[in-house]
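The structure appears right after this line, and notes come after that.
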Amino acid sequence: MQRDEQFPSPAVQARGLVKIWGTERTVDGVDLTVPAGSIYGVLGPNGAGKTTTIRMLATLLRPDGGTAEIYGHDVVSEAHVVRQLIGLTGQYASVDDRLTGRENLVIFGRLLGLGSSEAKKRADELLESFDLTEAAARSVKKFSGGMRRRLDLAASLIAQPPLIFLDEPTTGLDPRTRAQMWDTIRHLVETGSTVLLTTQYLDEADALADRVAVIDHGRVVAEGTVDALKASIGITSLNITLRQASDHRAAERIVYDTLGLAAVETRESQRVVAPLADAERATDVLVALRRAGIAIAELTVQKPTLDEVFLTITGQVPTAEQAPAVEEVGSR
Amino acid sequence: MSISRLERQALESRAISRRPSFGQTLHHTLMMAYRTLLRVRRTPEQWADVTFQPIVFTLMFTYIFGGAIAGNVQNYLPLIIPGLLVMTVVTTSIQTGVQLREDMDTGVFDRFKSLPIARIAPLAGALLADTVRYLIATVLTLAMGYLMGYRPEGGIAAVALAALLVIVSAWAVSWIFAFFGVVARTAASVQGLSMVILFPLTFLSNALVPAKTLPHILQIFVRFNPISHLVTAIRALANTGTVNGNLAVSLIGAAVIVLIFAPLTVRAYMRKA
Numbered sequence: 000m001q002r003d004e005q006f007p008s009p010a011v012q013a014r015g016l017v018k019i020w021g022t023e024r025t026v027d028g029v030d031l032t033v034p035a036g037s038i039y040g041v042l043g044p045n046g047a048g049k050t051t052t053i054r055m056l057a058t059l060l061r062p063d064g065g066t067a068e069i070y071g072h073d074v075v076s077e078a079h080v081v082r083q084l085i086g087l088t089g090q091y092a093s094v095d096d097r098l099t100g101r102e103n104l105v106i107f108g109r110l111l112g113l114g115s116s117e118a119k120k121r122a123d124e125l126l127e128s129f130d131l132t133e134a135a136a137r138s139v140k141k142f143s144g145g146m147r148r149r150l151d152l153a154a155s156l157i158a159q160p161p162l163i164f165l166d167e168p169t170t171g172l173d174p175r176t177r178a179q180m181w182d183t184i185r186h187l188v189e190t191g192s193t194v195l196l197t198t199q200y201l202d203e204a205d206a207l208a209d210r211v212a213v214i215d216h217g218r219v220v221a222e223g224t225v226d227a228l229k230a231s232i233g234i235t236s237l238n239i240t241l242r243q244a245s246d247h248r249a250a251e252r253i254v255y256d257t258l259g260l261a262a263v264e265t266r267e268s269q270r271v272v273a274p275l276a277d278a279e280r281a282t283d284v285l286v287a288l289r290r291a292g293i294a295i296a297e298l299t300v301q302k303p304t305l306d307e308v309f310l311t312i313t314g315q316v317p318t319a320e321q322a323p324a325v326e327e328v329g330s331r
Numbered sequence: 000m001s002i003s004r005l006e007r008q009a010l011e012s013r014a015i016s017r018r019p020s021f022g023q024t025l026h027h028t029l030m031m032a033y034r035t036l037l038r039v040r041r042t043p044e045q046w047a048d049v050t051f052q053p054i055v056f057t058l059m060f061t062y063i064f065g066g067a068i069a070g071n072v073q074n075y076l077p078l079i080i081p082g083l084l085v086m087t088v089v090t091t092s093i094q095t096g097v098q099l100r101e102d103m104d105t106g107v108f109d110r111f112k113s114l115p116i117a118r119i120a121p122l123a124g125a126l127l128a129d130t131v132r133y134l135i136a137t138v139l140t141l142a143m144g145y146l147m148g149y150r151p152e153g154g155i156a157a158v159a160l161a162a163l164l165v166i167v168s169a170w171a172v173s174w175i176f177a178f179f180g181v182v183a184r185t186a187a188s189v190q191g192l193s194m195v196i197l198f199p200l201t202f203l204s205n206a207l208v209p210a211k212t213l214p215h216i217l218q219i220f221v222r223f224n225p226i227s228h229l230v231t232a233i234r235a236l237a238n239t240g241t242v243n244g245n246l247a248v249s250l251i252g253a254a255v256i257v258l259i260f261a262p263l264t265v266r267a268y269m270r271k272a
């Protein structure tokens, strides 16, 4: 029996975590502090090092450098203690395909030290609360993606661990299942768990996380509350939907000439999104577009979404370099 | 930030242990073995190698070689049945590595690694469950022999002892293939590599033919081949009920394999992502 001397310590405290695969520094000096009782989001594009970081925190991978502590317990030297305090739901559901949902939960429960009848009782409780009772006797192979994720999450909660890692909990789920998953995660925190989740979806971090660390190329490039991150960009954005996608280039050119800022890359060819220092200048853009004969279907001026924050911070769109141009244009 | 009820509960009152005890390790291993057996119940075709193979091989080899080697099938049985027993059961142990690789690729092993269980349990459990496979292959091979007219003169107790020796040896050998299973990238490469090693070992032995019919160079190989010692020990036990030096050699060999490969396998397993 071991008492925590440094109580209370943060749920997660990582300093300078490094993981090297071959010559690539997948995780390159990550610092993270996750306060107990919160939802903490680790945000980043594919291959940013999110999963590798979480695997090191969950004792699945040994760090090549730096230290990490879970409630004050080192993930390397006290791995067995750490494993008693965490639950992990991986990106690919870590459940057994060839067993039924119930068998999976019972076996994990028995491995966690529950007695036979206790494990069965706990399995049934979890199946019930995750809406899986009907599928309990079916082989996991026949589960839908959403059901597998729910079962996976249920498996992480058998021992009621105080800290739960969720690695991309909604990747590949349809919107309805995704919303259900969000509710489940929120409910977890209400019942007192600390959640560390990774995601590539900015709206997910926005909707769930109290604090966010943005990771890119194995480094934390920004950290703070979601609101603070949004405020750090400090500008609203102009959203134009064009009637014709063929006008896209011309419209981008006009936006650049008028505002002195490049439009943000969007996936839709009919949309042009540009950072706007001053909402009044939207008028100038409209006038210029009218003069060029470009028809507009819709126009909005909005506060920055996390998408824009993210793109600005990770520098995937060169808006940061062109920021000084704002004054230039403004003084004209 | 305030600490939640759950966290306080976990950190203050939960009996947190520094490392799993021996009793827990045993419990974890048995649970993992139970899991493997449950999986097989769902996909019985996975065990075709211990059900069909012993029947087909025993029939095939006995009737193909019987006349040529021993004059007739009846005289060949005391020679071939112990030989085939060793070949079949030891070959079956390859599947341990193959299935371990497949299993480790499924992602459920990530959960096992994140659970507070003994590190050796997922491996030891899989290997333990496989002794059930060896038992099936052993019983079927002996039963086929019996049906064809094999009447081991050593008696039922000696035959049971011989069966136990085969199972223990196969379990020991399976650590080699478990090691391949852990370090190899795909299940197919485990299968390929294991066959390359086991084929010469089983065929270049006295399992199917008397060693004296072989060229001199091969006879030397056959004499040092551990499989030959095992086959000879089994023949002595089953056919005459006697124990000879080959039994000791077989057991020592099995122990050496486990002592080398069990730690290697566990270490590779822990290091693997």
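Taken in sequence, the protein lines are chains C and Y.
Throughout the first sequence, residue numbering follows numbering that gives the first Met the number 0, covering 0 to 331 in sequence.
Throughout the second sequence, residue numbering follows numbering that gives the first Met the number 0, covering 0 to 272 in sequence.
Note that the Cβ used here is the ideal one computed from N, Cα and C, for glycine as well.
- Assignment of Asp283 (chain C) by DSSP, reduced to helix, strand and coil, places it in the helix class.
- Scanning the stretch 34-96 of chain Y for uninterrupted alpha helix (DSSP H) segments of 4 residues or longer gives 47-69, 72-91, listed from N- to C-terminal end.
- Contact check for Gly48 (chain C) against Ile214 (chain C) passes: the beta carbons are separated by less than 8 angstroms.
- One alpha carbon belongs to Ile166 (chain Y), the other to Leu134 (chain Y), and they sit about 7 angstroms apart.
- Cβ-Cβ separation between Arg18 (chain Y) and His72 (chain C): approximately 13 angstroms, too far for a contact (criterion under 8 angstroms).
- DSSP places Ser249 (chain Y) in the uninterrupted alpha helix (DSSP H) bounded by 244-270.
- The alpha-carbon separation between Ala210 (chain Y) and Gln190 (chain Y) amounts to approximately 28 angstroms.
- Partner residues in the beta bridge of Asp73 (chain C), as assigned by DSSP, are C:Glu68.
- Of the candidates Y:Ala128, Y:Ile54, Y:Pro151, the residue whose Cα lies closest to the Cα of Arg40 (chain Y) is Y:Ala128.
- Contact of Leu126 (chain Y) with chain C is not assigned, every C-beta pair being separated by 8 angstroms or more.
- One thing to note: Thr90 (chain Y) has its Cβ within 8 angstroms of the Cβ of Leu197 (chain Y).
- Taken through DSSP and simplified to helix, strand or coil, Ile219 (chain Y) comes out as helix.
- Residues of the stretch 93-123 of chain Y whose Cβ lies closer than 7 angstroms to any Cβ of chain C, in chain order: Thr105, Gly106, Val107, Asp109, Arg110, Lys112, Ser113, Leu114, Pro115, Ile116.
- Contact of Ser138 (chain C) with chain Y is assigned, a C-beta pair being separated by under 8 angstroms.
- Taking the Cα of Phe108 (chain Y) as reference, the smallest distance to any Cα among C:Glu127, C:Ala276, C:Asp96 is reached at C:Asp96.
- Straight through space, the alpha carbons of Gly180 (chain Y) and Glu44 (chain Y) are spaced by roughly 20 angstroms.
- The DSSP-derived three-state label of Ile233 (chain Y) is helix.
- Going by DSSP, Asp109 (chain Y) is part of the alpha helix (DSSP H) stretching over 107-113.
- Ala123 (chain Y) places its beta carbon 8 angstroms or farther from that of Thr95 (chain Y).
- For Asn238 (chain C), the beta-bridge partners assigned by DSSP are C:Val272, C:Thr299.
- Remark: C-beta atoms of Phe164 (chain C) and Ala278 (chain C) do not approach each other more closely than 8 angstroms.
- Just measuring C-alpha positions, the residue of Y:Gln52, Y:Phe111, Y:Gln73, Y:Ser173 sitting nearest Arg150 (chain Y) is Y:Gln73.
- Cβ proximity to chain C below 7 angstroms picks out His27, Met30, Arg34, Leu37, Arg38, Arg41, Thr42 from the stretch 23-54 of chain Y.
- Note: Phe164 (chain C) is bridge-paired with C:Leu87, C:Leu195 in the DSSP secondary-structure output.
- Take Tyr255 (chain C), set aside five residues on each side of it, and the residues of its chain with a beta-carbon closer than 6 angstroms to its own are Ala261, in chain order.
- Residue state for Tyr255 (chain C) is assigned as helix, using DSSP reduced to three classes.
- Using a Cβ-Cβ cut-off of 8 angstroms, Arg17 (chain Y) is close to Gln1, Glu77, His79, Val80 of chain C, given in chain order.
- In this structure Thr231 (chain Y) touches Asn245 (chain Y) by the C-beta definition: roughly 4 angstroms separates them, less than 8 angstroms.
- If you ignore the 5 residues before and after Asp283 (chain C), its C-beta comes within less than 6 angstroms of the C-beta of Thr257, all in its own chain and listed in chain order.
- Rounded to whole angstroms, the gap between the alpha carbons of Met31 (chain Y) and Ser268 (chain C) is 54 angstroms.
- Residues of chain Y whose Cβ lies closer than 8 angstroms to the Cβ of Asp95 (chain C) are, in chain order, Arg34, Arg38, Thr105, Val107.
- Between Thr169 (chain C) and Arg177 (chain C), the CB-CB gap stays under 8 angstroms.
- Residue contact with chain Y for Gly89 (chain C): present (Cβ-Cβ distance below 8 angstroms to some residue of chain Y).
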